[in-house]
Amino acid sequence: MTKKLAALKGMRDILPYDIGKWRYAEEAARKLFANFGYAEIRTPILEETALFTRSIGEGTEIVQKQMFSFKDRGERDIALRPEGTAPVVRAYLENGLDMKMPICKLFYIGPMFRSERPQAGRSRQFYQIGVESIGFNSPQADVDVIAVMMKLFEACSLEDAELNINSLGCEKDKKHFEQILKEALAADVKRLCEDCKKRYDKNILRIFDCKNETCRAVLHAAPKVAEHLCPECRMHFEKVREGLTAVGIKYRVEPFLVRGLDYYTGTVFEVTHKNLGSQDAVAAGGRYDGLIQELGGEPTPACGFAVGLDRLMLAAADRIKPQETRIEVFLALLGEEADKLGIKLLKELRGKGVLCETCFGAKSLKSQMRLADRLKVKRVLIIGEDEIAKDIAVLRDMDTKEQKEIKLKDAADTHLW
RNA sequence: GUGGCUAUAGUGUAGUGGUUAGCACAACAGACUGUGGCUCUGUUUGUACGGGUUCGAAUCCCGUUAGCCACCCCA
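The letter at position 333 of the first sequence is residue 333 when you use my numbering, and the numbering goes up by one with no holes.
The following block contains the structure:
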């Protein structure tokens, strides 16, 4: 006996009976994005490792512990993409899309990879639908991006998804605030949990993510990012909020909301859903006005988000009803002669775009009828020796149970049905 | 990455050291010799993997793998 093969840890199959719901969401996204003026882009799954260390941030957990990175045969450092924004920006710069596209609004759908400990809603290969709106610094651009995202949730019957927003301010504000926070917390570092002590030195903003009660109590009194924005950033955030209200999007300002990727600046947001467990973020995004320059381009404002498709499915699986395609006709064939006729008939029917199916190899008629029933087909066309002798076929309607005989040569004429 | 829980036919489960591992649903076949759904009858399929303890292990122990929960992280 050879060893049973199985999928790798954290990798899973999306099976035929689930795929309808995935396609439903993907198609809803494609339709919406077209409507909002986004064009699809497909980037490679493998990239130079440096692309991610430079964008997501050298010190982040994603880069340090979760990226599938390795050397290829030419000793180059490459990695499976852990997220979609950096590759899109790379493609944007490499192909000069700023010059080629009058308006650069892009979307992507595809797998991402992070080597985390798996859990429901957290696989090592997971799927994201994302949007990047490049070149606009207006607060209304933020609103537009959030609007298309919320529309997608609506399309997937997740009207109860909750939107949280915050602003980290521009690069300067961010640095400035980190300093303020450091000073404000200096006296309380001892009281923080072990993780937060590390964060204090490494990535102090992330202390706001902590769920530990003591930490939260300490933070409650601590200064908040949004309270320390420069006038422009303050104004920007205010206009985003006004804009959201104007287009009827409900949101909550969450002063504790910070993001784990270094490139975020200004508006940040996160969508959660109550159907999910502790992995409850189903989408997130924000502004990344410094990223394009960081990757070698001209200073260019940009804003985007990514939806976790797996989590979207987890939250919405029971609510999405993909329309089923019903098989028009099942050919019940009895005997070799009938099989021969059947293959020709299938070809003719399929040529006409008729959805048809059969099961070659002549089981009993009863078993074929049962099969037809399980497949929920509309009609069964029975062809056995008796029919061939009489040059006919029997057409049975599975719903009404009515049967009629038609001439064999007319069997592919659907208008006779 | 840390801690914990779990693993029995395709699915959901029973079985707390005793021999044929039980049940339901599903599947397949028959009753109906060429006609589906209902009913009845029958059949197939399982102790995740590897060690150990024991006369005897699904059951106890260790390891591995995987999943789940929380943390971490994040979509």
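A virtual CB, placed ideally from N, CA and C, is assigned to each residue, including glycine.
This one's a predicted model, so the numbers in the text were calculated from it and none came from an experiment.
Run through the DSSP bridge pairs and tell me what GLY286 is partnered with. Paired residues: VAL268, GLY304.
Taking all protein chains shown into account, do 16 or more other C-beta atoms lie within 10 angstroms of the C-beta of ASP423, making it buried, or fewer, making it exposed? Outside the displayed range of the chain (1 to 417) lies residue 423, so it cannot be described from this structure.
Could you check whether the region 226-236 touches the region 190-210, counting it as contact only if at least three pairs of C-beta atoms, one from each stretch, sit closer than 8 Å? The region 226-236 makes no contact with the region 190-210; the number of CB pairs closer than 8 Å stays below 3.
Given this structure, state the Cα-to-Cα distance separating PHE42 from ILE382, to the nearest angstrom. In the sequence as displayed, the identity of residue 42 is Arg instead of Phe. Answer to the nearest angstrom: the Cα atoms are 47 Å apart.
When you compare the CB positions of ILE129 and LEU314, do they come within less than 8 Å of one another, or not? No, these two residues do not count as a Cβ contact at 8 Å.
Measuring CB to CB, does ARG379 end up less than 8 Å from ASP397? Contact annotation: ARG379 and ASP397 have beta-carbon atoms nearer than 8 Å.
DSSP on THR414, reduced to helix/strand/coil? In this structure, THR414 counts as helix in the three-state DSSP scheme.
Any 3 or more C-beta pairs closer than 8 Å across the region 147-156 and the region 22-34: They touch, by the three-pair rule.
Please state the DSSP three-state secondary structure of LEU419. In the structure as shown, the chain starts at 1 and stops at 417, and residue 419 therefore has no counterpart that could be examined.
C-alpha distance - ALA412 paired with ILE392, whole-angstrom precision: When the Cα atoms are used, ALA412 and ILE392 turn out to be separated by approximately 12 Å.
Have a look at the DSSP bridge pairing and note the partners of GLU405. VAL394.
Is it right to say ARG73 is buried, meaning 16 or more other beta carbons lie within 10 angstroms of its own, or is it exposed? Exposed, because fewer than 16 other Cβ atoms sit within 10 Å of the Cβ of ARG73.
Start and end of the alpha helix (DSSP H) containing LEU180? A small fix is needed here, since residue 180 is Ile in this sequence, not Leu. From DSSP, the alpha helix (DSSP H) with ILE180 extends over 171-185.
Report yes or no: do three or more beta-carbon pairs, one from the region 164-182 and one from the region 257-271, lie closer than 8 Å? Yes: the two stretches touch, three or more of their Cβ pairs being nearer than 8 Å.
CB of PHE153 within 8 Å of CB of VAL271, strictly: For the pair PHE153 and VAL271, the CB atoms are nearer than the 8 Å cut-off.
Cβ neighbour criterion (16 or more within 10 Å) applied to ASP289: So ASP289 counts as buried.
Assuming LEU46 and ALA86 make a contact with CB atoms under 8 Å, what is their CB distance in whole Å? No, LEU46 and ALA86 are not in contact; Cβ-Cβ is about 13 Å, not under 8 Å.
Taking the continuous alpha helix (DSSP H) assigned at GLN293, which residues delimit it? GLN293: member of the alpha helix (DSSP H) spanning 291-294, first to last residue.
Beta-carbon contacts of LEU349 that lie in its chain and below 6 Å, excluding the five residues immediately before and after: Once the five neighbours on either side are set aside, the close Cβ partners of LEU349 are CYS356, ALA412.
Relative to the C-alpha of LEU8, which residue among SER115, LEU257, LYS100 is closest? Nearest option by C-alpha distance: SER115.
Which residue's Cα is closest to the Cα of LYS407: TRP417, THR400, ASP399? The candidate whose alpha carbon is nearest that of LYS407 is TRP417.
Pull the bridge partners of LEU163 from the DSSP assignment, please. For LEU163, the beta-bridge partners assigned by DSSP are VAL271.
Does the distance from the C-beta atom of THR60 to that of GLY260 stay below 8 Å? Annotated as proximal: THR60 and GLY260, with beta-carbon spacing under 8 Å.
Going by CA-CA distance only, name the one from PRO44, LYS21, ALA28 that's closest to ALA91. Considering only alpha carbons, the answer is PRO44.
Based on Cα-Cα distance, which residue from LEU80, GLY20, ASN95, ASP18 lies nearest to GLU48? Residue LEU80 is the option with its Cα nearest to GLU48.
Report back the beta-carbon spacing between PHE305 and ALA338 to the nearest angstrom; my notes put them in contact at under 8 Å. About 56 Å separates the two Cβ atoms, so there is no contact after all.
Does PHE237 come out as helix, strand or coil in the three-state DSSP assignment? Three-state result, PHE237: helix.
Assuming ILE343 contacts VAL377 under a Cβ cut-off of 8 Å, what Cβ separation, rounded to an integer in Å, is found between them? Incorrect: roughly 18 Å between the Cβ atoms, too far for contact.
Please state if the CB of ALA39 and the CB of LYS105 are separated by a distance shorter than 8 Å. Contact check for LYS105 against ALA39 passes: the beta carbons are separated by less than 8 Å.
Less than 8 Å between the beta carbons of ALA316 and CYS156, yes or no? It is a contact, given that the beta carbons lie within the stated cut-off.
Could you check whether LEU219 and SER55 sit closer than 8 Å to each other, using their CB atoms as the reference points? For SER55 and LEU219, no; Cβs fall outside 8 Å.
Assigned exposure category for PHE70 - 16 Cβ within 10 Å defines buried: It is exposed - the Cβ of PHE70 has fewer than 16 other Cβ atoms within 10 Å.
Between which two residues does the beta strand (DSSP E) holding SER69 run? Bounds of the beta strand (DSSP E) holding SER69 are 69-71.
Rounded to the nearest angstrom, what separates TYR251 and HIS228 at their Cα positions? Taking the straight line from one Cα to the other gives about 21 Å.
According to the neighbour-count rule (16 or more other Cβ atoms, all chains shown, within 10 Å of its Cβ), is PRO301 buried or exposed? PRO301 should be labelled buried.
If the criterion is Cβ atoms closer than 8 Å, does the pair ARG206 and VAL253 meet it? Taking 8 Å as the Cβ cut-off, ARG206 and VAL253 do not qualify as a contacting pair.
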